[in-house]
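J.: Residue numbers (the numbering used here): 3 to 84.
#1: For residue 55, would you say it is in contact with chain B, using Cβ-to-Cβ distances shorter than 8 Å as the test?
#2: Under 8 Å, with one C-beta from each stretch per pair, do the region 9–28 and the region 41–49 reach the 3-pair mark?
#3: Taking the alpha-carbon of residue 10 as reference, which of 76, 72, 28 and 77 has the nearest alpha-carbon?
#4: Would you kindly report the start and end of the unbroken alpha helix (DSSP H) that includes residue 38?
#5: Between the region 21–39 and the region 73–81, can you find at least three pairs of beta-carbon atoms closer than 8 Å?
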């Protein structure tokens, strides 16, 4: 069980590092997509791109959240042993 928690914590830490670089970049792409949508350019393609961006953002946030939860559970588990 500790191995699973440690794995989730590690994944969350990696996601936090990735978020510092990727999320601002994705926001920039998101703005460009909306501008292109307003112009009526290739709606299907832009919708697909927006979906992928949203999915990446959600995955990063989920991994960070799972990592934080795993840290709390691991800490509570070690405190309860004492």
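Just so you know, even glycine gets a beta-carbon here, dropped at the ideal spot from N, CA and C. A quick note: this is a predicted structure, and the numbers were derived from the prediction, not measured.
T.: From the atom records:
#1: In the displayed structure, chain B is absent; only one protein chain is listed.
#2: no
#3: 72
#4: 4–41
#5: no
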